[in-house]
Amino acid sequence: MLFQLQNSPSTPILLNRVISAIMTLLPAPRQPSNIDKTIHVPAYRTSPGDLVDLAIESSILRIVKRSIVGGDDPFFVADLGQIVRQHRRWIQNMPGIRPFYAVKCNCDPTFLKVLADLGTGFDCASIEEMRAVLNLGVDPARILFANPCKAPAAVAFAREVGVLRTTFDNIDELDTIKAHMPEAQLLLRIYANDEGAFICLGEKFGAHLDTTEELLSRAWELGLNVVGVSFHVGTGATNPASFCNAIKDARSVFLQAERLGFHPRILDIGGGFQDDCFESMAPLIRDSIRSEFPANTTIIAEPGRFYARSVYTLVCRVISRRRQLGSAAASGIPDMLYQNDGVYGNFLNVIMEKEIMVPHLLRSKKSKAAILPKHRAAEVNEKGNEATSPSTAHRYSIWGPTCDSTDCVVREVSLDSEVKVGDWFKYKNMGAYTSTTATQFNGFSSACDVIYVNSEALPDI
Ligand SMILES: Cc1ncc(COP(=O)(O)O)c(C=O)c1O
């Protein structure tokens with residue numbers, strides 16, 4: 001489902017019309033792209049956040065209406081306009097650095113289609129990721145097979161479909177490439193590390209500087225073509241110096257390659273970019289590239305999280321509750337809520353990245369006010385519906401649906417209302433490493449419906 005916001009001149013908000021327009025739609029399947037199912041709601045103006053809230057509200061009403069028991073699956077709302085805004089930010093802050101979006105971060109075909117229309121390249125790590133991008137009609141020249149340790153069958157597949165650019169960081173990989181894609185355009189992935197990153201990748205990937213000469217020599221002996229250098233400082237990077245150091249190292253490897261007779265021309269600065277520190281880090285990265293590399297070098301990057309994280313909001317439902325009794329109650333242990341998604345589903349980052357999740361309570365059906373955006377909730381209250389903010393704090397821990405006790409989403413949160421079975425939580429910024437890492441542990445489905453909204457004009461749709 002896709003609900004498009006148009007920035008047309010302001011006219012009275014026809015809320016009921018908007019909600020019923022959304023409600024007539026069914027949740028979108030994950031395949032294929034839903035980009036052409038845009039629903040135009042003319043003459044409606046609101047903020048992107050309110051648009052997402054409207055979509056959540058209408059979906060909840062639909063779920064509640066559809067079944068007495070109520071839906072027990074979480075769902076996403078994706079604002080495709082947010083992709084456009086992130087891309088604009090990228091272009092403004094990283095001019096001349098072409099993004100190859102890292103598909104591993106979120107492989108939703110609708111999301112990928114918007115990026116394809118915006119003209120980005122794609123970093124794929126597997127046959128399936130390449131297929132997902134090629135299925136959208138993307139030219140294989142826009143794909144970088146950015147996995148330095150590939151199965152021979154994957155290399156052969158890449159060659160067959162025309163994806164010739166790939167990375168390596170070890171001798172044996174060169175043999176695999178020689179055997180299955182001798183005309184490959186190779187990027188030597190070098191070691192880089194931001195100690196403060198959420199997940200450091202340097203222990204697994206990246207050739208150390210004392211090995212690059214030998215690797216390049218072997219590539220030369222095999223008659224392979226090294227066209228550049230890549231690195232990745234770690235996902236969720238915070239330290240611009242890690243980029244600057246890696247850029248310096250990459251320059252020295254360029255010079256080694258040139259001495260051997262290669263003509264390297266591509267520097268790939270990888271991913272790791274975060275929303276919060278993007279504007280402050282970008283100029284330092286740009287300066288470092290400018291001071292180390294000749295102006296005719298092609299600079300590319302592999303951002304994942306930067307593009308995907310803020311696009312998706314996840315909505316979960318409380319399926320069970322344990323109010324503490326006896327000694328647990330006496331010692332103040334918070335009551336426990338169980339929701340329909342957890343660390344084995346879309347919340348793996350609680351474990352992997354130690355992310356502190358922030359649940360926003362959307363109150364259940366009778367209190368209509370609570371699933372409306374705040375300013376409108378107040379309006380509804382004045383008309384005598386249920387109050388939205390009792391002053392007493394209610395302390396909870398929030399758990400996922402599986403039988404594993406590590407499946408804890410929030411250790412403790414204080415909310416201003418009591419939460420009951422059937423209530424809903426909204427979690428913002430759930431687009432990165434969520435749906436792509438979800439498992440089916442304990443038989444809970446890893447596929448979520450996605451409701452699409454659009455708060456910007458999309459390119460050519
Ligand atoms: C090779 C490679 N490129 C790009 C990315 C995307 O990184 P991020 O989402 O931090 O931008 C990753 C993530 O692990 C990666 O391994």
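Everything in the sequence shown is counted per full-length UniProt numbering, starting at 1 for the first residue and increasing by one.
Where a beta carbon is used, it is the ideal one built from N, C-alpha and C, also for glycine.
Just so you know, these numbers come straight off a predicted model, no measurement behind them.
Beta-carbon contacts of residue i that lie in its chain and below 6 Å, excluding the five residues immediately before and after
i: THR434; result: ASN346
i: ILE83; result: VAL114, VAL311
i: ILE97; result: ILE299, ALA301
i: PRO334; result: ARG395, TYR396, SER397, GLU412
i: SER317; result: First, the residue type needs correcting, since residue 317 is Arg and not Ser in the sequence shown. Once the five neighbours on either side are set aside, the close Cβ partners of ARG317 are ASN340, TRP424.
i: ALA102; result: ASP123, GLY271, GLU302, GLY304
i: ALA184; result: LEU164, THR166, ILE177
i: ARG323; result: ASP335
i: GLU213; result: GLN256
i: ALA125; result: LYS104, ASN147
Residue i: CB within 7 Å of a non-hydrogen atom of ligand 1
i: HIS232; result: yes
i: CYS105; result: yes
i: GLY202; result: no
i: ASP123; result: yes
i: ALA432; result: yes
i: ARG305; result: yes
i: GLU279; result: no
i: GLY206; result: no
i: PHE273; result: yes
i: GLU302; result: yes
i: GLY228; result: no
i: GLY270; result: yes
i: ALA102; result: yes
i: ALA146; result: yes
Of the listed residues the options, nearest to residue i (C-alpha basis)
i: SER291; options: THR238, VAL358, ASN245; result: ASN245
i: GLY272; options: PHE76, SER67, PHE100; result: PHE100
i: ASP449; options: ALA55, PHE254, ASP50; result: ALA55
i: ARG88; options: GLU279, GLU183, THR166; result: GLU279
i: PHE293; options: ARG309, MET281, ILE269; result: ILE269
i: MET281; options: MET352, SER58, ASN93; result: ASN93
i: PRO240; options: ASP194, GLU57, LEU61; result: ASP194
i: residue 476; options: ALA154, ASP172, GLU353, ILE247; result: Residue 476 is absent from the structure shown; the chain starts at 1 and stops at 461.
i: VAL227; options: MET336, THR238, GLY121, LEU267; result: LEU267
i: residue 495; options: SER405, VAL77, HIS263; result: Nothing about residue 495 can be reported from this structure: the residues present for the chain run from 1 to 461 only.
i: HIS232; options: GLU214, GLU203, TRP220; result: GLU203
i: ARG309; options: ASP79, GLY206, THR46; result: ASP79
i: GLU57; options: THR212, THR313, PRO152; result: THR313
i: ASP210; options: TYR191, ILE127, GLU355, VAL155; result: TYR191
i: ILE143; options: SER320, LYS150, ALA158; result: ALA158
i: ALA153; options: VAL453, TYR338, MET181; result: MET181
i: PRO95; options: GLY422, LEU415, ILE285; result: ILE285
i: ASN225; options: ASN429, LYS428, PHE168, SER288; result: PHE168
i: ARG189; options: ALA146, LYS150, SER445, SER327; result: ALA146
i: LEU361; options: SER47, ASP53, PRO48, LYS248; result: ASP53
i: CYS277; options: PHE205, THR238, PHE262, VAL77; result: THR238
i: ASN454; options: THR436, ASN349, SER320, VAL77; result: VAL77
i: ARG265; options: ASP249, LEU186, LEU337, PHE243; result: LEU186
i: HIS263; options: ASP287, ILE247, GLY234, TRP220; result: TRP220
i: SER445; options: ASP72, LEU201, LEU216, ASP416; result: ASP72
i: THR436; options: GLY121, GLU128, ALA151; result: GLU128
i: VAL253; options: LEU215, ILE356, TRP90, ASN106; result: LEU215
Same chain, Cβ closer than 8 Å to residue i, five either side skipped, listed in chain order
i: LEU136; result: SER33, PRO109, LEU112, LYS113, ALA116
i: GLY236; result: ALA197, PHE198, ILE199, GLY272, GLN274, ARG305, GLU353
i: GLY162; result: PRO140, ALA141
i: MET23; result: Low per-residue confidence applies at MET23: pLDDT is 34, beneath 50, and the placement is therefore not dependable, though the value from the model is reported in the following sentence. Around MET23: SER58, LEU61, ARG62.
Cβ neighbours of residue i in the same chain (closer than 7 Å, five flanking residues each side left out)
i: GLY342; result: TRP399, GLY400, PRO401, THR402, ASP407, VAL409
i: LEU222; result: LEU174, LYS178
i: PRO27; result: Unreliable positioning characterises PRO27 in this predicted model, as indicated by a pLDDT of 37, which lies under 50. A coordinate reading is not provided.
i: residue 489; result: Outside the displayed span of the chain (1 to 461) sits residue 489, for which this structure offers no information.
i: ARG85; result: GLU456
i: GLU418; result: HIS394
i: ALA378; result: Low per-residue confidence applies at ALA378: pLDDT is 36, beneath 50, and the placement is therefore not dependable enough to give any value.
i: HIS208; result: TYR191
Residue i: CB within 7 Å of a non-hydrogen atom of ligand 2
i: GLY236; result: Absent from the structure shown: ligand 2. Ligands present: ligand 1.
Segments assigned beta strand (DSSP E), at least 3 residues, entirely inside the region 67 to 97 | 75 to 79
Just list the beta strand (DSSP E) runs in the region 205 to 259, keeping only unbroken ones of 3 residues or longer that don't cross its boundaries, in chain order.
-> 225 to 230
In chain order, which alpha helix (DSSP H) runs of at least 4 residues are fully inside the region 253 to 311?
-> 278 to 292, 305 to 308
Which ranges does the alpha helix (DSSP H) cover as unbroken runs of at least 4 residues, wholly within the region 128 to 182, from first to last along the chain?
-> 152 to 161, 171 to 180
Please list the segments of the alpha helix (DSSP H) lying wholly inside the region 333 to 357, counting only runs of 4 or more residues, in order along the chain.
-> 349 to 352
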